[in-house]
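What follows is a single structure, written as C-alpha cells, with notes after it.
There are 2 protein chains.
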Amino acid sequence: MEKQYLFTPGPTPVPPQVLAAMAEPIVHHRGPDFRLVYERALSRLQEVFRTNAPVLLFSASGTGAMDSAVANLVSPGQRVAVVTAGAFGERWVAICEQYGLDVQRIAYEWGETPNADEVGGAVAESGARIVFCTQSETSTGVVSDVQALKGAVGSAVLVVDAISSLGAVPLETDAWGIDVVVAGSQKALMCPPGLAMASLSEALWDDLPQARGFYFDWRRTRKAQEVFDAAFTPAVSLIRGLDVALGMLLGAGLDAAFERHTRLGRAARAGIKAMGLELFSPDDDSSSVVTVARVPDGVDGTELLRHLRDRHGVTLAPGQGGLKGKIFRIGHIGWFDVFDIAAALAAVELSLVELGADIERGVAVTRAFEAYEQRVAV
Amino acid sequence: MEKQYLFTPGPTPVPPQVLAAMAEPIVHHRGPDFRLVYERALSRLQEVFRTNAPVLLFSASGTGAMDSAVANLVSPGQRVAVVTAGAFGERWVAICEQYGLDVQRIAYEWGETPNADEVGGAVAESGARIVFCTQSETSTGVVSDVQALKGAVGSAVLVVDAISSLGAVPLETDAWGIDVVVAGSQKALMCPPGLAMASLSEALWDDLPQARGFYFDWRRTRKAQEVFDAAFTPAVSLIRGLDVALGMLLGAGLDAAFERHTRLGRAARAGIKAMGLELFSPDDDSSSVVTVARVPDGVDGTELLRHLRDRHGVTLAPGQGGLKGKIFRIGHIGWFDVFDIAAALAAVELSLVELGADIERGVAVTRAFEAYEQRVAV
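Printed below as a string of C-alpha cells:
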C-alpha cells in the first residue's frame, strides 16, 4: 500500500505511458507493425544522439554497449587510454583489461573532474589512439566536458560512455566530432533497463578490425538495421517502450530536457546546502544528473538509506567503492520534475531528524523551488 | 480493431498476467523487493532446467547465451564439432567461426534428424572435445534426442541450444549429464524476448579458460548471482515477467507442459494432413514445438503468409534459407492450447481456399481435436 519513490541514478522511474506500451501483446519482430516501431525508434535515437550515423541497438544492459565498443574498435594488445574518476571509468578499465589491452590509466580521484588539457597531454605522451571516458560519472555526480576532451585528444578516437547522461546533458555527437557514443535505456531515456546503444562516426566504419565476439558485432547489427531488421530476435516490448519514451522526450524537445536537468540539479544542490549538508558532487551547473551529499557526522550512511527505504518507501543510492557509507546519491535523470526533488529533499530531511542529526529544518524545499525558478541561459 | 494471432516459433504469445507484470513500476535492482523476485526467478529456472547447478541469467537475446557458451568454453584455435540440420545449427557454426575455431561440421540436410551414433562416430574421429547441437531446430521442426547425443559423444562436452525447446520438450539436464544448456525467454517460457540463460555442470567450472569478452563472462555473472545480485543492471521488468511466467509453468507442472506440447503437435499434424497438405517436419511425437508444412503446388508461399497476415491477422513463420517460399511454420510453443491450433488450421484452410488451392475442406479442425484427445503415455 505504501507509495514507493525511486530516486536512484538507474534504473530510473518510467512514465506510465511507457509501462503501458511494455504490456502490449507481443508482435513478431519481422512483421510490418513492429518494423514501423523499430524504424521510428532507430530514427529517434539518431535525433537524441544528434548524429546522422546509424545508432546500433542491442538487447543488453548498458555495459553490453561498452563491451561492444572495446570488442569492435580495438585489436589485441593495442594501447588504449582510459580516463577514470569513479566506478564507471573503472568499468572501462576492467573491460579493456579483460580483452588483454595495454591500458594507460589517466586517473583522477573519485569526485574530481577530469581536465581536458591534462588528458590531452597524457594521451599524446602515451601514443594511445583510442581513449575511453565517461560523460556522467554516476558514482560521484561529476559530468565531464566531452567536447573539450575531444578537442584535447585530437585525432585519437574518443569513446564516450553516455549511459547516464544521454538525454539529460548536451551531447552533440556529430557537431563535436565525438567518434563513439554508448548509451542505455534505463536513465534519461526513461525506459526499463535492457536496451543498449552505440553510435560511431561514418569515418570509423572503414577501418574497424574484425570484431571479437559475435553477439555485439557492430557490422552484423548495422547490416540488419539497414533493412530495419535486427540481427537477433530483439526485445520487442522494450523497444516499443523506448519508441514511446523517445517520442515524449523529443516531443517536449531535447533542449528543454537539458534545461530541466540543469534546473533540477540547482534545486537539489540548493536544498542539500540549505539543510546544512556538504555536497560531494560539484556545486555548479556541470553536475545536473546526480546530486551527491556527504552523510553528516554522527549518522551511519547505510542506516540512513535503509531508514529512508523501509520507513518512508524512498530509495536513494549509496556510495560505491571507498565511498560506501560516506555519501548518498539522489538521481534526477529522465522522468523527474521539481516536485520529485522536493519529495526527495523532504524525505532526507525528515529521516536525518529521525536519526538525530543536527540539521537545518524547514528550508530545503523552499530553497529548492527558488533555485529551480531561475531560468537557464541558453 | 482486428484481432491478431501470433503463431510464430518466437517470439511467442505472452500471457496477460506476464504482460501486466512487465508494466509494474520500476524498482531498484539492488533493493529487497527485486532481490526476492530475482532469487525466486533464478531458483525457478533451476527447476525448469532440472539442474542443481546455477543458471546464469543475461539481459540479451538467446543468441547472447549461445555466444557466451563459445566465449567461455573454448580456447582460440581449438577444434570443436557442430551438429547442423537447419538455421540454428548454422548459427553455432557462425559463432564458432567468428571466434576463429577449427570447426568440424557434422551436417544433415535441413529437415533431417541427427543420428546419435553417427554424431558419436564423427566426434570420436575428429577428436573434438566440445560439441554444439540444437535440441529444437525451429527452422525445420526437428527435435533432436539430446539424451542419446550425450550418450554418443561420451566425455566430450555437449552444449545444447534449448532456446525453443526448454519448457516444451523434456530436458533432464542433470539426469542426462548434459554439460551446458542455453535458453531464451521468448519461447516456451512465455516471456517477451530479452533474457537469455546458460547452465553448466559443476564439473566444468573448474577448467573454464579465461572468458573472451566481458559482458558474457560466466564467472562474473555467477559470482554476482551467488549473492542474488546481477553483474550489471538487469532488465528488471523482463525478470519480473519471467518470474510470473515460470510460476505459471511450474504451478501447472513441467510434465504437464511436455504432454500438452506433444498433444498440440499431434493436433497440428493431424489437421495439416487432413487438409491434404504434406508435412515437412517429422510426422511423429518427436516434433512437438513447431509443425512445418510444404506449401501446396500452385500457391506462392510468400503470398500465403502475407494473405494470412493482412487479410486475417494471423502471423505464421516462413521458411528460412533455401526453404523460403516452400514451407510455412506453425509454432505452438509455450502459451498455447488446442483452440489456438484450431484457429491456426482454420486460418490456413480458409486462406488456401481463397488463394485457389485444391485442398480438403472442413475436416482439419475436427481431426485436430481427435488427435489432441488421445492421452500421451508417460
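Sequence order for the protein chains is A and B. All letters in the first sequence, in the order written, are residues 5 to 382 by the working numbering. All letters in the second sequence, in the order written, are residues 5 to 382 by the working numbering. C-beta atoms are modelled at their ideal positions from N, C-alpha and C, and glycine is treated no differently.
Give me the chain B residues within the contact set of residue i, using Cβ-Cβ distance strictly less than 9 Å, ordered along the chain.
| i | result |
| --- | --- |
| A:Ala249 | Per Cβ cutoff of 9 Å: no residues; A:Ala249 is ~12 Å from chain B at best. |
| A:Thr306 | None at all; the shortest Cβ gap to chain B is about 13 Å. |
| A:Gln190 | Ile30, Thr237, Ala239 and Val240 |
Who are the near neighbours of residue i in its chain, counting only those whose CB is closer than 6 Å to its CB and skipping five residues on each side?
| i | result |
| --- | --- |
| B:Tyr376 | Arg267, Ala271 and Val342 |
| B:Gly245 | Val22, Ala25, Met26 and Cys195 |
| A:Gln50 | Val59 |
| B:Phe262 | Pro174 |
| A:Ser241 | Met26 |
| B:Ser63 | Pro238 and Ala239 |
| B:Lys154 | Leu162, Trp180, Gly181 and Ile182 |
| A:Glu230 | none |
Report all residues from its chain with a CB closer than 8 Å to the CB of residue i; omit the five preceding and five following residues, and keep chain order.
| i | result |
| --- | --- |
| A:Leu283 | Arg273, Ile276, Lys277, Thr295, Val296, Ala297 and Arg298 |
| A:Thr306 | Pro322, Lys328 and Gly329 |
| B:Val86 | Gly93, Trp96, Val97, Cys100, Val107, Gln108, Arg109, Ile110, Val135, Phe136 and Cys137 |
| A:Ala351 | Tyr9, Leu312, His316 and Val318 |
| B:Lys7 | Gly317 |
| B:Glu374 | Ala274 |
| A:Phe53 | Val59, Leu170, Leu175, Thr177, Val185, Ala187, Met201 and Ser203 |
Mind listing the chain A neighbours of residue i? Cutoff is C-beta to C-beta under 9 Å, in chain order.
| i | result |
| --- | --- |
| B:Leu1 | Residue 1 of chain B falls outside the range modelled here, since chain B spans only 5 to 382, and no answer is possible. |
| B:Val71 | The sequence shown places Asp at residue 71 of chain B, rather than the Val named in the question. Ordered by position in chain A, the residues that pass the 9 Å Cβ test against B:Asp71 are Gly217, Phe218, Tyr219 and Phe220. |
Output, in chain order, the set of chain B residues within a Cβ distance shorter than 8 Å of residue i.
| i | result |
| --- | --- |
| A:Leu10 | Pro29, Ile30, Val31 and His32 |
| A:Gly35 | Arg313 and Thr319 |
| A:Val107 | Result: empty, since nearest Cβ-Cβ is about 13 Å, beyond 8 Å. |
| A:Gly90 | Going along chain B, no residue has its Cβ under 8 Å from A:Gly90, so there is no contact; the nearest lies around 16 Å. |
| A:Gln82 | Per Cβ cutoff of 8 Å: no residues; A:Gln82 is ~16 Å from chain B at best. |
| A:Gln50 | Neighbours of A:Gln50 on chain B: none; closest Cβ ~22 Å, over 8 Å. |
Can you give me the Cβ contacts of residue i inside the same chain, cut-off strictly under 7 Å, excluding the 5 residues immediately before and after it?
| i | result |
| --- | --- |
| A:Ala160 | Val127, Ala132, Arg133, Ile134 and Val135 |
| A:Ala347 | Tyr9 |
| A:Ile167 | Gly66, Val186, Ala187, Gly188 and Lys191 |
| A:Ala152 | Ala120 |
| B:Leu309 | Leu320, Pro322 and Phe332 |
| B:Val367 | Ala278 |
| B:Gly280 | Ile363 and Glu364 |
| A:Arg33 | Position check: residue 33 of chain A holds His in this sequence, whereas Arg was assumed. Closer than 7 Å at Cβ, skipping near neighbours: Ala234, Thr237, Pro238 and Val240. |
Name, please, each residue of chain B whose Cβ falls closer than 7 Å to the Cβ of residue i.
| i | result |
| --- | --- |
| A:Phe343 | The premise fails here: A:Phe343 is roughly 17 Å from chain B at the closest Cβ pair, so nothing lies under 7 Å. |
| A:Pro213 | Per Cβ cutoff of 7 Å: no residues; A:Pro213 is ~13 Å from chain B at best. |
| A:Gly14 | Thr237 |
| A:Gln139 | The contacting residues do not exist; A:Gln139 stays about 17 Å from chain B at best. |
| A:Gln151 | Those within 7 Å of A:Gln151 in chain B number zero; the least Cβ separation is about 27 Å. |
What does DSSP give as the partner residues of residue i in its beta bridges?
| i | result |
| --- | --- |
| A:Glu141 | A:Val146 |
| B:Thr295 | B:Ile334 |
| B:Thr319 | B:Leu10 |
| B:Leu170 | B:Val173 |
| B:Asp165 | B:Thr138 and B:Val186 |
| B:Leu283 | B:Ala297 |
Against residue i, what residues of chain A qualify as contacts under a CB-to-CB distance less than 8 Å, listed in chain order?
| i | result |
| --- | --- |
| B:Ile99 | Phe218 |
| B:Ser63 | Ser63, Ala64, Ser65, Gly68, Pro197 and Gly198 |
List, in order along the chain, the chain C residues whose C-beta lies closer than 7 Å to that of residue i?
| i | result |
| --- | --- |
| B:Ser285 | You won't find chain C in this structure, because its protein chains are A and B. |
Residues of chain A with CB closer than 7 Å to the CB of residue i, please, in chain order.
| i | result |
| --- | --- |
| B:Ala75 | Gly217 |
| B:Val18 | Ile30 |
| B:Gln229 | Near B:Gln229 there are no residues of chain A at all, since even the closest Cβ is about 14 Å away, more than 7 Å. |
Below 8 Å, can you find three or more Cβ-Cβ pairs linking the region 183 to 190 of chain B to the region 204 to 214 of chain B? With a cut-off of 8 Å, the region 204 to 214 of chain B and the region 183 to 190 of chain B count as touching, because enough Cβ pairs lie within range.
When the Cβ atoms of the region 360 to 368 of chain B are set against those of the region 293 to 305 of chain B, are three or more pairs found closer than 8 Å? yes
Please confirm if the region 242 to 252 of chain A is in contact with the region 284 to 299 of chain A, defined as three or more CB-CB distances below 8 Å between the two stretches. no
Entirely enclosed beta strand (DSSP E) segments - the region 321 to 370 of chain B, minimum 3 residues: 331 to 335
Stretch-stretch touch, CB-based, cutoff 8 Å, three pairs: the region 26 to 39 of chain B with the region 163 to 175 of chain B: no
Could you check whether the region 334 to 349 of chain A touches the region 216 to 236 of chain A, counting it as contact only if at least three pairs of C-beta atoms, one from each stretch, sit closer than 8 Å? No: fewer than three Cβ pairs fall under 8 Å.
Runs of beta strand (DSSP E) wholly within the region 76 to 130 of chain A (minimum 3 residues, chain order): 83 to 88 and 106 to 111
Which runs of the alpha helix (DSSP H) spanning at least 4 residues fall entirely within the region 31 to 74 of chain A, listed in chain order? Residue ranges of uninterrupted alpha helix (DSSP H) with 4 or more members, entirely inside the region 31 to 74 of chain A and ordered along the chain, are 36 to 53.
What are the complete alpha helix (DSSP H) segments, minimum 4 residues, inside the region 177 to 232 of chain A? Runs of the alpha helix (DSSP H) inside the region 177 to 232 of chain A: 206 to 209 and 222 to 230.
Kindly confirm or deny that the region 68 to 83 of chain A and the region 37 to 50 of chain A touch, where touching means at least three C-beta pairs closer than 8 Å. A contact is defined here as three or more CB-CB pairs under 8 Å, and the region 68 to 83 of chain A fails this definition with respect to the region 37 to 50 of chain A.
May I have a chain-ordered list of the alpha helix (DSSP H) segments no shorter than 4 residues that lie completely inside the region 254 to 281 of chain A? 258 to 278
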